[in-house]
Amino acid sequence: MTARSAAPPVPWATAYPAFTRVFPDLRVRLDRRLDGRLEHGWVPVRRLLGSPALRARLITDELRAAERRYGRAPRPDVAAGFWLHRYAWPLCLLFTLPWLLQRRVPLFGPERLACRHQPRGGPAELAVLGSGSTRFACLPDDPSAGHPGALVLPNQVTLDAALRRTVAAQLGPLFAAFGPELRRGPRTLWGLATDELVEGLWFAARLLGEEARAVAALTGLLPAEPFAGAASFRSDGPDLRRSRVSCCLFYTLRPDRPCAGCPRNCRQARAN
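Under our numbering, residue 272 is the last one in the sequence shown; the count climbs by one each step, no gaps.
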């Protein structure tokens, strides 16, 4: 996750360079000069939330891209889920990486973000917009506790709650906007949110050599409303596994290639 900024980096953004070195495909831009000249595929999230026509166009683009990749067109609701996953996965990392590595949580809403989906697939690129300062939550012993944008919280419990609130405030409006296209109920959507929150950070932490730390932190973070599920890690020999709370519906394109942790497989295994 590359953090490029024309100004000195905000304290929470310094969590990203280590991940960039092990996973360079994921990028976030903090360049204030980007404001007012979004182009080349950039979409402000506030516009995305307010425009059914834009959402329909993006889902159609996703459907066509999936058809090129897999040789068959997904259902429109499946294409909408693919689009949302490619946005929500890096979105959650934008908040969970500084929470895990620095005990800091950026505090801003969806109106401060823009996204750009990569034509070849993979996670979306993100841009943090706005020339104003960005607040962040931290703990009293944080070296940046005196920063003008710092909201100092008393303990880890309140910091965890700030992370859940902030991520929920980002995803809730998206679920409301995309709900008719996704054809899933609120509990299923918040199960999807649980999976994006957990699996994104789990993936990143393994690359960074921080898996044990992330597993412990995520286990303490969830379950909690509005997220519909727990982190639910389990041992499988020397490795860890988890079953997803939600189904990504990839099986509708490749029924012979289920995803790791697919809840459909787990239900079938229990039935047998």
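Positions of the beta carbon are idealized from the N, C-alpha and C atoms, including for glycine.
As the structure is a computational prediction, the values presented were derived from the model and not from experiment.
| message | Measuring straight from C-alpha to C-alpha, what distance separates A224 and A162? | response | In a straight line, the C-alpha of A224 is about 12 angstroms away from that of A162.
| So E125 is in the beta strand (DSSP E); what residue range does that whole segment cover? | Counting along the chain, E125 sits inside the beta strand (DSSP E) bounded by residues E125 to V128.
| field | Close beta carbons around R270, own chain, < 6 angstroms, minus the five adjacent residues each side | value | In this predicted model, R270 has a pLDDT of only 40, less than 50, meaning its place in the structure is not dependable enough to derive any value.
| field | Nearest candidate by alpha-carbon position, reference L207, set I59, F233 and P24 | value | Of the candidates I59, F233 and P24, the one whose C-alpha sits nearest the C-alpha of L207 is P24.
| message | Run through the DSSP bridge pairs and tell me what C138 is partnered with. | response | Paired residues: V152.
| Spatial neighbours of R104 in its chain, beta-carbon cut-off 8 angstroms, leaving aside the 5 residues before and after | In the same chain as R104, and ignoring 5 residues on each side of it, the C-beta atoms closer than 8 angstroms to its own belong to P11, W12, A15, P98, F136, A137, C138, D142 and S144, in chain order.
| query | So who's on the other strand from S243, going by DSSP bridges? | reply | Answer is none; S243 lacks a bridge partner.
| task | Can you give me the start and stop residues for the beta strand (DSSP E) that R105 sits inside? | result | Note that residue 105 corresponds to Val in the displayed sequence, not to Arg. Unbroken beta strand (DSSP E) run through V105: V105 to L107.
| task | Within 10 angstroms of the Cβ of S246, are there 16 or more other Cβ atoms? Answer buried if so, exposed if not. | result | By the neighbour-count definition (other C-beta atoms within 10 Å, threshold 16), S246 is a buried residue.
| task | Look up C115 in the DSSP assignment and say whether it is helix, strand or coil. | result | Looking at C115 - three-state DSSP - the assignment turns out to be strand.
| said: Please list the terminal residues of the continuous alpha helix (DSSP H) segment that includes R64. | reply: Note, R64: alpha helix (DSSP H), P52 to Y70.
| With distances taken from CA atoms, which of P148, Q102, T134 and S243 is nearest A18? | Per the Cα distances, Q102.
| How big is the Cα-Cα spacing for R75 and A231? | A direct Cα-Cα distance of roughly 29 angstroms separates R75 from A231.
| Considering F95, what are the terminal residues of the alpha helix (DSSP H) in which it resides? | For F95, the enclosing alpha helix (DSSP H) covers residues P76 to Q102.
| message | In this structure, how does DSSP classify V293 when only helix, strand and coil are distinguished? | response | Residue 293 falls outside the range modelled here, since the chain spans only 1 to 272, and no answer is possible.
| request: Since I believe V157 is in contact with L30 (beta carbons under 8 angstroms), could you give me their beta-carbon distance rounded to a whole number of angstroms? | output: With 8 angstroms as the limit, L30 and V157 do not qualify as a contact, their Cβ atoms being about 29 angstroms apart.
| message | Could you compute how far the alpha carbon of T60 sits from the alpha carbon of N155? | response | In a straight line, the C-alpha of T60 is about 45 angstroms away from that of N155.
| request: Pull up the distance between the alpha-carbon of F227 and that of L192, whole angstroms please. | output: When the Cα atoms are used, F227 and L192 turn out to be separated by approximately 9 angstroms.
| Beta-carbon contacts of P110 that lie in its chain and below 6 angstroms, excluding the five residues immediately before and after | By the criterion of a C-beta distance shorter than 6 angstroms, P110 is surrounded in its chain by V45, Q170 and P173, once the five residues flanking it on both sides are discounted.
| Spatial neighbours of R241 in its chain, beta-carbon cut-off 6 angstroms, leaving aside the 5 residues before and after | For R241, where only same-chain residues beyond five positions count, the Cβ hits under 6 angstroms are R234.
| Contacting residues, own chain, Cβ-Cβ under 6 angstroms from V22 (five flanking each side not counted) | Once the five neighbours on either side are set aside, the close Cβ partners of V22 are L207.
| Hey, how far is the Cα of G41 from the Cα of G237? | The alpha-carbon of G41 is positioned some 44 angstroms away from that of G237.
| query | Can you tell which of L54, A79, R72 and L49 has the C-alpha that lies nearest to the C-alpha of R183? | reply | Of the listed residues, the one whose Cα sits closest to R183 is A79.
| query | Given L49, which residues of its chain have a CB within under 6 angstroms of its CB, disregarding the five upstream and five downstream residues? | reply | Excluding positions up to five away in sequence, the list reads P173 and A177.
| What do you get for R267, buried or exposed, if any count of 16 or more other CB atoms within 10 angstroms of its CB means buried? | Note that R267 scores 47 on pLDDT, short of 50, meaning its location in the model is unreliable; the coordinates nonetheless yield the value given after this. Residue burial annotation: R267 is exposed, with fewer than 16 other C-beta atoms found within 10 angstroms of its C-beta.
| field | Residues of its chain near F95, where Cβ-Cβ distance is below 8 angstroms and the 5 sequence neighbours each way are ignored | value | Taken in chain order, the residues that qualify are V105, P106, L163, T166, V167 and Q170.
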